[in-house]
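Position 218 of the sequence shown, counted from 1, bears residue number 264 in our numbering, the numbering being contiguous throughout.
Heads up, the beta-carbon is just placed ideally off N, CA and C, and yes, glycines get one too.
Worksheet for the structure shown next.
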Amino acid sequence: MTETVTQIADLRRHVATWRHAGEAVALVPTMGALHDGHMALVAEAQRRATRVVVSIFVNPLQFGPAEDFDRYPRPLERDRALLEAAGVDALFLPSVAEMYTPGFSMRIEPGPIGEVLDGAARPGHFAGVATVVAKLLGAATPDLALFGEKDWQQLTVLRKLVRELNLPVAIQGVPTVRDSDGLARSSRNVYLSPEERLQAVALPQALQAATAALEAGAALGPVEAAAEAALLAAGFASVDYVTARDAETLEPWHDRSRPGRLLAAAHLGRTRLIDNLPLSPAVHQSI
Ligand code: AMP
Numbered sequence: 047m048t049e050t051v052t053q054i055a056d057l058r059r060h061v062a063t064w065r066h067a068g069e070a071v072a073l074v075p076t077m078g079a080l081h082d083g084h085m086a087l088v089a090e091a092q093r094r095a096t097r098v099v100v101s102i103f104v105n106p107l108q109f110g111p112a113e114d115f116d117r118y119p120r121p122l123e124r125d126r127a128l129l130e131a132a133g134v135d136a137l138f139l140p141s142v143a144e145m146y147t148p149g150f151s152m153r154i155e156p157g158p159i160g161e162v163l164d165g166a167a168r169p170g171h172f173a174g175v176a177t178v179v180a181k182l183l184g185a186a187t188p189d190l191a192l193f194g195e196k197d198w199q200q201l202t203v204l205r206k207l208v209r210e211l212n213l214p215v216a217i218q219g220v221p222t223v224r225d226s227d228g229l230a231r232s233s234r235n236v237y238l239s240p241e242e243r244l245q246a247v248a249l250p251q252a253l254q255a256a257t258a259a260l261e262a263g264a265a266l267g268p269v270e271a272a273a274e275a276a277l278l279a280a281g282f283a284s285v286d287y288v289t290a291r292d293a294e295t296l297e298p299w300h301d302r303s304r305p306g307r308l309l310a311a312a313h314l315g316r317t318r319l320i321d322n323l324p325l326s327p328a329v330h331q332s333i
């Protein structure tokens, strides 16, 4: 039975009871409109902890004024049924007023790592993410919190948040879940028209081709430019970035002995899609 909890104080009581009984507690923060990607986080949480809390909160702080906060999908009863079927222990469903009390003014500023890539395209986004995640961690006090690699920059920002603020929680990344044609699952995919949904596959395809070229030793600039051209040729309206970065610092991937990440964001119709793939470090041949 998945209990729905709307108050922070009630959530704390539940978690305190579990912890007192020696159980490990995992938190899976989401904005709802749940899909297989979210459910993979839940399954991993259940492997690593005995109690799992899923939060659903469409966080106004991480949306820009011209973004989709109002039209973001909110299929609550469907979400609740999915969590129930998965055996999740509690759904934390706070109101905006519960999370942001009158006069709320605190912000956690990630600094430069939150100002590049999606942070450049969406000013204030990662301060909104870092602030809400810090609040959710403070409210739920989990041993472990799980986030998808689909939002790679978010994962790097949150690892840094927990490390630099000494928050007593482990952050676990979970690999991206994809549709059978390779498109990463996303709550925003419902915005795509049938034609756009077909065109969208060009995003994982361009990333895969670029990853192969980079791992074979090609230079960053031409590979990134070719991937961008492929997206535009496939019908994307504009490309915010296609770029190979250090997987942890998000600086350009110049030191290829370190793990890299190829990241992209592009607009298809009125939908902004993001995706990323790992770049394996070059192995020095010793023979
Ligand atoms: P969201 O509801 O979009 O804020 O996502 C909640 C969590 O689910 C975040 O940690 C996301 O990175 C993760 N997530 C979203 N889509 C996927 C996916 N396709 N595969 C794995 N994790 C995902």
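Alpha carbon of residue i to alpha carbon of residue j, nearest angstrom
| i | j | result |
| --- | --- | --- |
| residue 273 | residue 293 | 19 Å |
| residue 243 | residue 217 | 32 Å |
| residue 328 | residue 270 | 18 Å |
| residue 15 | residue 57 | Nothing about residue 15 can be read from this structure; the chain reaches only from 47 to 333. |
| residue 260 | residue 123 | 44 Å |
| residue 290 | residue 310 | 9 Å |
| residue 43 | residue 307 | Examination of residue 43 is not possible in this model, given that the chain is present from 47 through 333 alone. |
| residue 231 | residue 154 | 28 Å |
| residue 201 | residue 240 | 30 Å |
| residue 321 | residue 213 | 28 Å |
| residue 96 | residue 211 | 26 Å |
C-beta atoms of residue i and residue j nearer than 9 Å
| i | j | result |
| --- | --- | --- |
| residue 288 | residue 252 | yes |
| residue 74 | residue 104 | no |
| residue 207 | residue 296 | no |
| residue 189 | residue 62 | no |
| residue 314 | residue 246 | yes |
| residue 258 | residue 281 | no |
| residue 176 | residue 156 | yes |
Residue i classed as buried or exposed, judged by whether at least 16 other C-beta atoms fall within 10 angstroms
| i | result |
| --- | --- |
| residue 185 | buried |
| residue 138 | buried |
| residue 59 | exposed |
| residue 150 | exposed |
| residue 384 | Because the chain is modelled from 47 through 333, residue 384 falls outside the range shown and cannot be assessed. |
| residue 323 | buried |
| residue 147 | exposed |
| residue 106 | exposed |
| residue 215 | buried |
Same chain only: Cβ atoms within 8 Å of residue i, ignoring 5 sequence neighbours per side
| i | result |
| --- | --- |
| residue 140 | 52, 53, 54, 101, 103 and 185 |
| residue 126 | 48, 50 and 137 |
| residue 197 | 320 |
| residue 316 | 237 |
Close beta carbons around residue i, own chain, < 7 Å, minus the five adjacent residues each side
| i | result |
| --- | --- |
| residue 87 | 74, 192, 194 and 220 |
| residue 4 | The structure shown does not extend to residue 4, since the chain is modelled only from 47 to 333, so the question has no answer here. |
Same chain, Cβ closer than 6 Å to residue i, neighbours up to 5 away in sequence not counted
| i | result |
| --- | --- |
| residue 199 | 163 and 164 |
| residue 285 | 274, 277 and 312 |
With a floor of 4 residues, list each alpha helix (DSSP H) that falls wholly inside the segment 221-298, ordered by position along the chain.
-> 240-245, 248-261 and 266-279
Whole runs of the alpha helix (DSSP H) within the segment 129-158, excluding any shorter than 4 residues = As far as the segment 129-158 is concerned, its whole alpha helix (DSSP H) runs of at least 4 residues are 142-145.
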